[in-house]
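2 protein chains.
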Amino acid sequence: MQRSDTSGPHSGDEDGRGSDTRSRILEAATIHFADKGFDGARTQTIADEAGVNRAMLYYHFRDKEHLYREMLTSHFQVIFRQVFPTFLQLDLGARERVLTIVGVYLGFLRKNPQIRSLLLYELAAGGPHLSEVFDTLLASVPGLELEQVFEQIGTMMGAGAVRPGDPRQFFLHILSLTIFPFAARPLLESIWKLGPGEYDTLMAGRHDAIADLFDHGLFSGKEAS
Amino acid sequence: MQRSDTSGPHSGDEDGRGSDTRSRILEAATIHFADKGFDGARTQTIADEAGVNRAMLYYHFRDKEHLYREMLTSHFQVIFRQVFPTFLQLDLGARERVLTIVGVYLGFLRKNPQIRSLLLYELAAGGPHLSEVFDTLLASVPGLELEQVFEQIGTMMGAGAVRPGDPRQFFLHILSLTIFPFAARPLLESIWKLGPGEYDTLMAGRHDAIADLFDHGLFSGKEAS
DNA sequence: GTCTATAGTTCGATAGAC
DNA sequence: GTCTATCGAACTATAGAC
Chain F
3 MQRSDTSGPH
13 SGDEDGRGSD
23 TRSRILEAAT
33 IHFADKGFDG
43 ARTQTIADEA
53 GVNRAMLYYH
63 FRDKEHLYRE
73 MLTSHFQVIF
83 RQVFPTFLQL
93 DLGARERVLT
103 IVGVYLGFLR
113 KNPQIRSLLL
123 YELAAGGPHL
133 SEVFDTLLAS
143 VPGLELEQVF
153 EQIGTMMGAG
163 AVRPGDPRQF
173 FLHILSLTIF
183 PFAARPLLES
193 IWKLGPGEYD
203 TLMAGRHDAI
213 ADLFDHGLFS
223 GKEAS
Chain V
3 MQRSDTSGPH
13 SGDEDGRGSD
23 TRSRILEAAT
33 IHFADKGFDG
43 ARTQTIADEA
53 GVNRAMLYYH
63 FRDKEHLYRE
73 MLTSHFQVIF
83 RQVFPTFLQL
93 DLGARERVLT
103 IVGVYLGFLR
113 KNPQIRSLLL
123 YELAAGGPHL
133 SEVFDTLLAS
143 VPGLELEQVF
153 EQIGTMMGAG
163 AVRPGDPRQF
173 FLHILSLTIF
183 PFAARPLLES
193 IWKLGPGEYD
203 TLMAGRHDAI
213 ADLFDHGLFS
223 GKEAS
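Residue numbers (our numbering), protein chains in the order written: chain F, 3 to 227; chain V, 3 to 227.
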């Protein structure tokens, strides 16, 4: 069952070991797939940017499709293992807990710009790859249960810490306010005629803006209802 | 300067007149580009679904690129002419005004499912086409000034109707909460294991959930700060 | 493991008859 | 305006030498 010190061809090993060529290909594939999408990406370009021969792509991975899926999996793994658990492991009050989650999301998106376009291409295509990637990841990270998130939201609602309602809408609020501004960046830069630095400034103030919305709502005049 | 009663080849005419073939191609192009994206779409498939010969695509439009851009323009035109003006023409109080805008957005997205993937493909690609499309549209709809929106938000903030802050963050809140849940639909359906009807139900309750967030914030315990 | 050479397709676009 | 036929380019994938 034991393998030698180099990953074999077509291996799905996850550890950073493996041949250097293999990881260089994955790195180049990330950049190019994020830029052009699966259909727009060219295996020649990936090989060139990785500094390897094009045939190496077919030796280390089976074909373009397998290369793409392994690349996708390696990145969404980070979300599942680092970002997602923050929903559960925090031992804080409701407010600090939610705002910490928002901060983790915003920080992750600011540090991993390629995730943005990779996710958008997948969403646009309807997520045919994502379902399989998610199944793989959920199976490989056994301590992760989606239901726990909603249980904890329900607990917070029951304790009166957050307003009662559908936990999924609660979840959608947080996801929307954090992810969308990053996703729509090129569109908004175009509409608002912003330079690159201006949008970074806007994103730097995003956390406080969301906190203000969560704390006070949108309107100054105290509500009727 | 006057043209005969049929649109000529490569004409950028916008009125619904023109040859029936031309509009059928645009309709088929919408569906197929929304499904596969620009790089993934095949001119043969578009021609087949339109029930015309493939050479007609090159007669009525110059090439694949021009067909795509005209298709995009025709759809985003609707946003510019029908959705966007609701930001300015409403003669309501701040709360009703914002919630009406949210309702218009949600309604538009629910009725135009193809817009979702068309927008996502463009966002993923970084919006190279969108800039040109927007410039074209802003020029063709003269009574539309982006600055007016932020002026009116500033006015509402000055009058104490909405909380003071960066108007762009205010704008991002509204866009995020309405657009993202539609954009992320396939991903969330996959994660949450939802049937098609369940997500529609969730979107039907979206307006009220956003209104509650805007009215009361996210937390029950009245804020500190 | 890495390279060259090439097979085998697919696709966008055009020419030209009707 | 619509069709057929076809060109030429681009691309994925494989075979096989080293």
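Backbone N, C-alpha and C fix where the C-beta goes; we use that ideal spot for every residue, glycine too.
Cβ neighbour criterion (16 or more within 10 Å) applied to residue i
{"i": "Arg24(V)", "result": "buried"}
{"i": "Gly95(F)", "result": "exposed"}
{"i": "His62(V)", "result": "buried"}
{"i": "Val135(F)", "result": "buried"}
{"i": "Gly129(V)", "result": "buried"}
{"i": "Ala141(F)", "result": "exposed"}
{"i": "Thr157(V)", "result": "exposed"}
{"i": "Thr203(V)", "result": "exposed"}
{"i": "Glu147(V)", "result": "exposed"}
{"i": "Glu72(F)", "result": "buried"}
{"i": "Glu124(F)", "result": "buried"}
{"i": "Asp22(F)", "result": "exposed"}
Residues sharing a beta bridge with residue i, DSSP
{"i": "Phe229(V)", "result": "A query on residue 229(V) cannot be resolved here, the shown segment of chain V reaching from 3 to 227 and no further."}
Neighbourhood of residue i by C-beta distance below 7 Å, restricted to the same chain and skipping five residues each side
{"i": "Arg112(F)", "result": "Met205"}
{"i": "His34(F)", "result": "Ala43, Thr47, Ile48 and Glu51"}
{"i": "Leu59(V)", "result": "Ile27, Thr45, Ile48, Ala49 and Leu69"}
{"i": "Val143(V)", "result": "Phe82 and Arg83"}
{"i": "Arg228(V)", "result": "Here chain V covers residues 3 to 227 and nothing more, so residue 228(V) does not appear."}
{"i": "Arg64(V)", "result": "His12"}
{"i": "Phe89(F)", "result": "Ile103 and Val151"}
{"i": "Phe78(V)", "result": "Val135 and Leu139"}
6 Å Cβ shell around residue i - same chain, five flanking residues per side excluded
{"i": "Phe173(V)", "result": "none"}
{"i": "Phe40(F)", "result": "Tyr70"}
{"i": "Gly219(F)", "result": "none"}
{"i": "Gly160(V)", "result": "none"}
{"i": "Ser119(V)", "result": "Ala36"}
{"i": "Arg97(F)", "result": "none"}
{"i": "Ala163(V)", "result": "Ala96"}
Closest Cα partner of residue i within the set the options
{"i": "Ile81(F)", "options": "Lys66(F), Arg64(F), Gly109(F) and Val54(F)", "result": "Gly109(F)"}
{"i": "Tyr107(F)", "options": "Ala141(F), Arg208(F), Asp217(F) and Asp137(F)", "result": "Arg208(F)"}
{"i": "Pro87(V)", "options": "Thr75(V), Ile103(V) and Met73(V)", "result": "Ile103(V)"}
{"i": "Trp194(F)", "options": "Glu149(V), Gln116(V) and Asn55(V)", "result": "Glu149(V)"}
{"i": "His175(F)", "options": "Asn55(V), Leu215(V), Gln91(V) and Thr75(V)", "result": "Leu215(V)"}
{"i": "Ser192(F)", "options": "Ser133(V), Ala30(V), Leu177(V) and Pro198(V)", "result": "Ser133(V)"}
{"i": "Val151(F)", "options": "Asn114(F), Gln116(F), Gln91(F) and Gly199(F)", "result": "Gln91(F)"}
{"i": "Ile32(F)", "options": "Glu67(F), Leu190(F), Gln116(F) and Arg99(F)", "result": "Looking at the sequence itself, residue 32(F) is Thr, so the reference to Ile does not match. Nearest option by C-alpha distance: Gln116(F)."}
{"i": "Lys237(V)", "options": "Ala30(V), Asp93(V) and Gly53(V)", "result": "Examination of residue 237(V) is not possible in this model, given that chain V is present from 3 through 227 alone."}
{"i": "Ser233(V)", "options": "Lys38(F), Asp217(F), Leu101(F) and Gly197(F)", "result": "Residue 233(V) cannot be examined here, being either before or after the span of chain V that is shown, 3 to 227."}
{"i": "Ile155(F)", "options": "Gly199(F), Arg99(F), Val54(F) and Gly197(F)", "result": "Arg99(F)"}
{"i": "Leu101(V)", "options": "Leu190(V), Leu177(V), Leu196(V) and Asp22(V)", "result": "Leu177(V)"}
Neighbourhood of residue i by C-beta, 8 Å cutoff - its chain only, sequence neighbours within 5 removed
{"i": "Val85(F)", "result": "Val106, Tyr107 and Phe110"}
{"i": "Thr75(V)", "result": "Val135, Thr138 and Leu139"}
{"i": "Gly18(F)", "result": "Residue placement at Gly18(F) cannot be trusted, given a pLDDT of 48 that sits under 50; what the coordinates show is reported in the next sentence. Cβ neighbours of Gly18(F) beyond the five flanking positions: Ser25."}
{"i": "Val54(F)", "result": "Thr23, Arg26 and Ile27"}
Any non-hydrogen atom of the ligand FAD closer than 7 Å to residue i Cβ
{"i": "Asp65(F)", "result": "The ligand FAD is absent from the structure shown, which contains no ligands of any kind."}
Taking three-plus beta-carbon pairs below 8 Å as touching, is the region 178-188 of chain V in contact with the region 178-186 of chain F?
Below 8 Å, enough C-beta pairs join the region 178-188 of chain V and the region 178-186 of chain F to call them touching: three or more.
Inspect the CB distances between the region 208-223 of chain V and the region 160-168 of chain F and report whether three or more fall short of 8 Å.
In short, these stretches touch, since the Cβ pair count reaches three.
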